[in-house]
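Colleague: Please see the structure below; I have some questions.
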Amino acid sequence: MTAAHDLQALAKRLERLEARVAIAELLARYGRALDEWNEDDMRLVIADDVIARHDAVAPPFKGIDILINIMRDLRPKVQAVQHYITNTHVELDDDGAHAVARAFVFAMHDTGVSRGGALLSAGGAYRMEVARADTRLGWQIKTIEVAENWFDPRILTDIYTDSPMSGQQP
1 MTAAHDLQAL AKRLERLEAR VAIAELLARY GRALDEWNED DMRLVIADDV IARHDAVAPP
61 FKGIDILINI MRDLRPKVQA VQHYITNTHV ELDDDGAHAV ARAFVFAMHD TGVSRGGALL
121 SAGGAYRMEV ARADTRLGWQ IKTIEVAENW FDPRILTDIY TDSPMSGQQP
């Protein structure tokens, strides 16, 4: 091996490492955008044609606009929400332009506990397909799959009743 070859191999490893860090940051920004009800950040981190599957809540749907409408619909029902996204693992494709990110999520939903509401919890796993994008972050989420491992059933009755997610198909 030559020094030039070693340098080229090192540059490729560094590029892949930077991609993994950027994708982990993308998931963190996604969680923060959800928790802060930030529509602009949601549009930054999620592709316009995203396909989302949220097993326990509703059928799959397609499009960032539907996701934004869901956020708007949920806002009056949830005083605060926090998503803890952890144990992120990134499987970067050989081309370095696509990846699958997997992570665990724990979410708390405050439906107004100070006014007699409840703190509703859920735990599960994310699987997201991401791709390089022409955004300031350089990556966007193309698919979101949420597999609930457990959740308070009141999340379905108290929060997602009459959600715009109902009846949407990709």
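For the sequence shown, the working numbering gives the first residue as 1, with consecutive numbering after it. Quick reminder that beta carbons are idealized off the backbone N, C-alpha and C, glycines included.
(1) Should the segment 15-26 be called in touch with the segment 59-74, which here means at least 3 C-beta pairs below 8 Å?
(2) Where does residue 87 fall in DSSP's three states?
(3) Do you know offhand how far residue 2's Cα is from residue 98's?
(4) Can you tell me the Cα-Cα spacing of residue 16 and residue 73, whole angstroms?
(5) Put residue 142 into one of helix, strand or coil per three-state DSSP.
(6) Would residue 100 pass as a contact of residue 83 if the rule is Cβ separation under 8 Å?
(7) Any idea what DSSP makes of residue 132, helix, strand or coil?
(8) Relative to the C-alpha of residue 102, which residue among 96, 108, 92, 111 is closest?
(9) For the beta strand (DSSP E) holding residue 51, just list the boundary residues, first then last.
(10) Anyone know if the C-beta pair for residue 141 and residue 45 falls short of 8 Å?
(11) Just the Cα atoms here: how many angstroms apart are residue 42 and residue 115?
(12) Any idea if residue 119 is buried or exposed, counting beta-carbon neighbours within 10 angstroms, 16 or more meaning buried?
Modeller: Concretely, from the data shown:
(1) no
(2) strand
(3) 30 Å
(4) 38 Å
(5) strand
(6) no
(7) strand
(8) 92
(9) 46-54
(10) yes
(11) 29 Å
(12) exposed
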